[in-house]
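Residue numbers (the working numbering): 563 to 709.
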């Protein structure tokens, strides 16, 4: 954006940084919300976190499939395969695959499984709500008919 200043018409460039919500933590939010908490699946460790600007999500390959009992950051030889790929850390981070391999298909299967599980839960809750609403309506109808 250029502006004219006083009668000498000197030009000065004014830069404006606009951060839109879709720019923040791109690639982390969906997975973090899908998995909700850090968890281990064999040698894959899914790390869900957050900071002031939103959710974070990282995937690590563990050296073996022993159950993790400590912080992922203390595990020697663990390799981060999904994490921050660019942007300003804490502001406009973008997430993606740092290393490609067969773990991507394993993770995709986990994602699909989790989505199916969440959809089944959603349908179950919807059915319970509908049943509860029908019971309320039947009760009201019976009360009104008994008048």
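We put the beta carbon where it would ideally sit given N, CA and C, even for glycine.
Only a predicted model underlies this, so the values are computations on that prediction, with no experimental measurement involved.
query: Between 622, 651, 650 and 649, which lies nearest to residue 638 when the distance is taken from Cα to Cα?; result: 622
query: I'd like to know whether the C-beta atoms of residue 653 and residue 615 end up nearer to each other than 8 Å.; result: yes
query: Just the C-alpha distance for residue 777 and residue 612, rounded to the nearest angstrom, thanks.; result: Given a span of 563 to 709 for the chain in the structure shown, any question on residue 777 remains unanswerable.
query: Hey, would you say the C-beta of residue 670 is under 7 Å away from at least one heavy atom of the ligand SAH?; result: No copy of the ligand SAH appears in this structure; indeed no ligand is present at all.
query: Starting from residue 617 and walking both ways along the alpha helix (DSSP H), at which residues does that stretch end?; result: Not the alpha helix (DSSP H): residue 617 falls in the beta strand (DSSP E), residues 616-623.
query: Using a threshold of 8 Å, state whether the C-beta atoms of residue 668 and residue 630 are closer than that.; result: no
query: Could you check where the beta strand (DSSP E) with residue 609 kicks off and where it finishes?; result: 606-613
query: Check for me: the beta strand (DSSP E) holding residue 659 runs from which residue to which?; result: 656-659
query: Which word fits residue 618, buried or exposed, when buried means at least 16 other C-beta atoms lie within 10 angstroms of its C-beta?; result: buried
query: May I have the straight-line CA-CA distance separating residue 670 from residue 593, to the nearest angstrom?; result: 11 Å
query: Over the uninterrupted alpha helix (DSSP H) stretch that includes residue 702, give me the two end residues.; result: 665-707
query: Out of 677, 688, 642 and 599, which has the shortest C-alpha to C-alpha gap to residue 660?; result: 642
query: Among the residues of its own chain, which have a CB less than 7 Å from the CB of residue 602, if the five just before and after it don't count?; result: 629 and 630
query: Rounded to the nearest angstrom, what separates residue 674 and residue 598 at their Cα positions?; result: 15 Å
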